[in-house]
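**Student:** In the order they appear, the protein sequences are chains A and B. Position 94 of the first sequence, counting from 1, maps to 94 under the numbering used here, and the rest follow consecutively. Position 121 of the second sequence, counting from 1, maps to 264 under the numbering used here, and the rest follow consecutively. By construction, the Cβ of each residue, glycine as well, lies at the ideal position given by its N, Cα and C atoms. In this text the structure is predicted, and so the values were computed from the model without any measurement.
There are 2 protein chains.
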Amino acid sequence: MDRVKLFNDFLSQKGLKSTSQRKLILETFLESASHYSTEELYLKLRKEHPRIGYATVHRTLKLFAECGIAAERNFGDGQTRFESVHADEHHDHLVCTKCGLIIEFEDQKIEELQKLVASQHNFKIENHRLELYGLCKHCRSPK
Amino acid sequence: MDRVKLFNDFLSQKGLKSTSQRKLILETFLESASHYSTEELYLKLRKEHPRIGYATVHRTLKLFAECGIAAERNFGDGQTRFESVHADEHHDHLVCTKCGLIIEFEDQKIEELQKLVASQHNFKIENHRLELYGLCKHCRSPK
DNA sequence: ATCTTTCTGAAAATCGTTTTCAATATCTTC
DNA sequence: GAAGATATTGAAAACGATTTTCAGAAAGAT
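Now the structure itself:
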């Protein structure tokens, strides 16, 4: 709940201003657990607030990413998506190649094996991404 | 070594033609184990063959991907890269965020755990991507 | 060799993203 | 609460990577 506060602190710390658009965008972004592209969030916002601009939505999403509220993701469809980041929790994705459904998961064993691989190659991991692409429950069944 | 044959078979099967440019691009692509972007391969080719066109390189790389000789990858730098695919072998990547070094690795245990996760969510995996981002051996050390 | 079809390379178009700019809103400070 | 300084907004233009168009060239079939 204090992601709003977190964002406001971030803004004032950087000498940025708290505007009605930024409040609105954050609110809408947090409302749904979806993985928004700029376009998608822009279209959703425009229904209720026709005067909002695409650039503003995009710039604000970038700010979310910068302050850690959101993370930029790319699932190979040519659109950058922003997902809400919850504290230190880390998760990966199952992506349905047919309907676009995105499911999040976490697997501690996989994480550990990743660390092992990295150390074998003398790498210091900063972050990672793991995505499994395939057919979801619904798209698997014939009809 | 029969990736050349594989490509030729693919071409004739689709009613496409075997041209000097396609031969050249495939040869150069296979020569190095690098992860080429269209731009990089284009620049490399142009040194020896100044008349080759960017579009031709790009179209040919797409053909490689289509016939399974290459795979498209995206490491988050805004450029699509094409990497040589060796038969059924599957591998993932360690990417150095400082110098751009890309190391390939394979880990059977991780693959198995992925399958497990997928089945828990009723997914049928078609493919996956796993990338570990961090500092490589050289970039870790102070100087 | 001729004919049909595909291919090539240059340039233009496209797509998502980012920047520019004049008008507007926010945040001081008085 | 008004004035001034600074950041923000939205529309449009710019941008970079990728894709398409098109007329001339090359490949493969007849």
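In the DSSP assignment, the alpha helix (DSSP H) including I110 of chain A goes from what residue to what residue?
**Tutor:** Looking at the DSSP string, the run of the alpha helix (DSSP H) that includes I110 of chain A is Q108 to Q120.
**Student:** Taking CB distances under 8 Å as the criterion, tell me whether C99 of chain A reaches chain B.
**Tutor:** No - not a single Cβ of chain B is within 8 Å of the one on C99 of chain A.
**Student:** Cβ closer than 8 Å: which chain B residues qualify as neighbours of V172 of chain A?
**Tutor:** The question about residue 172 of chain A has no answer here: the residues shown for chain A are numbered 1 through 143.
**Student:** Any idea what DSSP makes of A55 of chain A, helix, strand or coil?
**Tutor:** Reduced to three states, the DSSP call for A55 of chain A is helix.
**Student:** Tell me whether the stretch 246-254 of chain B and the stretch 201-214 of chain B touch, counting them as touching only if at least three CB pairs, one residue from each stretch, are closer than 8 Å.
**Tutor:** Output reads no: the stretch 201-214 of chain B does not touch the stretch 246-254 of chain B.
**Student:** Considering only C-alpha positions, which residue in the set B:E182, B:T223, B:C239 and B:S163 is nearest to G277 of chain B?
**Tutor:** For the residues B:E182, B:T223, B:C239 and B:S163, the minimum Cα distance to G277 of chain B belongs to B:C239.
**Student:** Using 8 Å as the limit for Cβ to Cβ distance, is H128 of chain A near chain B?
**Tutor:** Chain B contact via Cβ: present.
**Student:** Taking just the CA atoms, how far does H236 of chain B sit from S180 of chain B?
**Tutor:** Near 16 Å, if we compare the C-alpha coordinates of H236 of chain B and S180 of chain B.
**Student:** Which first and last residues belong to the alpha helix (DSSP H) in which I245 of chain B is found?
**Tutor:** Per DSSP, I245 of chain B belongs to no alpha helix (DSSP H); it is in the beta strand (DSSP E), I245 to F248.
**Student:** Report the residue from A:E48, A:H138 and A:F82 whose alpha carbon sits nearest the alpha carbon of C99 of chain A.
**Tutor:** Here the closest residue by C-alpha is A:H138.
**Student:** Who are A213 of chain B's beta bridge partners in DSSP?
**Tutor:** A213 of chain B is bridged to B:S227.
**Student:** Between which residues of its own chain and V85 of chain A is the CB-CB distance below 8 Å, once the five residues before and five after are set aside?
**Tutor:** Excluding sequence neighbours, V85 of chain A sits near G68, I69, A70 and A71.
**Student:** Express the C-alpha separation of H201 of chain B and L173 of chain B in angstroms, rounding to a whole number.
**Tutor:** One C-alpha to the other measures close to 15 Å.
**Student:** Quick one: residues in its chain with C-beta nearer than 7 Å to the C-beta of H234 of chain B, no 5 flanking neighbours on either side, listed in chain order?
**Tutor:** Cβ within range, chain order: E247, F248 and E249.
**Student:** Locate the beta strand (DSSP E) running through D127 of chain B, then write down its first and last residues.
**Tutor:** Residue 127 of chain B cannot be examined here, being either before or after the span of chain B that is shown, 144 to 286.
**Student:** For the 8 Å Cβ check, are there 3 or more pairs between the stretch 187-195 of chain B and the stretch 165-172 of chain B?
**Tutor:** Yes: the two stretches touch, three or more of their Cβ pairs being nearer than 8 Å.
**Student:** For the candidate residues A:Q13, A:E40 and A:L113, whose alpha-carbon lies nearest to that of T80 of chain A?
**Tutor:** Of the listed residues, the one whose Cα sits closest to T80 of chain A is A:E40.
**Student:** From what residue to what residue does the beta strand (DSSP E) around K124 of chain A run?
**Tutor:** Taken as a continuous stretch (DSSP letters only), the beta strand (DSSP E) holding K124 of chain A covers K124 to L135.
**Student:** Would V11 of chain A pass as a contact of S20 of chain A if the rule is Cβ separation under 8 Å?
**Tutor:** Sequence check: residue 11 of chain A is Leu here, not Val. Not in contact: L11 of chain A and S20 of chain A (Cβ atoms no closer than 8 Å).
**Student:** Give the residues of chain A in contact with I245 of chain B, contact being defined as C-beta atoms less than 7 Å apart.
**Tutor:** Here the premise fails: no neighbours, minimum Cβ distance about 11 Å.
**Student:** Quick one: is S159 of chain B buried, meaning 16 or more other Cβ sit within 10 Å of its Cβ, or exposed?
**Tutor:** Here residue 159 of chain B turns out to be Leu, not Ser, going by the sequence shown. Exposed, because fewer than 16 other Cβ atoms sit within 10 Å of the Cβ of L159 of chain B.
**Student:** K44 of chain A to K14 of chain A, Cα distance in whole Å?
**Tutor:** If you take the alpha carbons of K44 of chain A and K14 of chain A, they lie about 28 Å apart.
**Student:** Looking at I110 of chain A and I253 of chain B, is the spacing between their C-beta atoms short of 8 Å?
**Tutor:** Yes.
**Student:** Quick check on R3 of chain A: buried or exposed, where buried means 16 or more other Cβ atoms within 10 Å of its Cβ?
**Tutor:** R3 of chain A is buried by the Cβ-count criterion.
**Student:** Can you name the residues of chain B whose CB is closer than 8 Å to the CB of L113 of chain A?
**Tutor:** Correct list: D250, K252, I253 and L256.
**Student:** Taking L135 of chain A as the query, report the chain B residues whose CB atoms sit under 8 Å from its CB, ordered along the chain.
**Tutor:** Neighbours of L135 of chain A on chain B, chain order: F266, K267 and E269.
**Student:** With DSSP as the reference, please indicate the residues paired to S180 of chain B in a beta bridge.
**Tutor:** Bridge partners of S180 of chain B: B:R224.
**Student:** Straight-line CA distance for E191 of chain B to Y185 of chain B?
**Tutor:** Their backbone Cα atoms lie some 11 Å apart in a straight line.
**Student:** Closer than 8 Å, CB to CB, is R144 of chain A near chain B or not?
**Tutor:** Because residue 144 of chain A is not part of the residues shown, which for chain A are 1 to 143, the question remains open.
**Student:** Within 10 Å of its beta-carbon, does L273 of chain B have 16 or more other beta-carbons around it, so buried, or fewer, so exposed?
**Tutor:** Burial call: buried.
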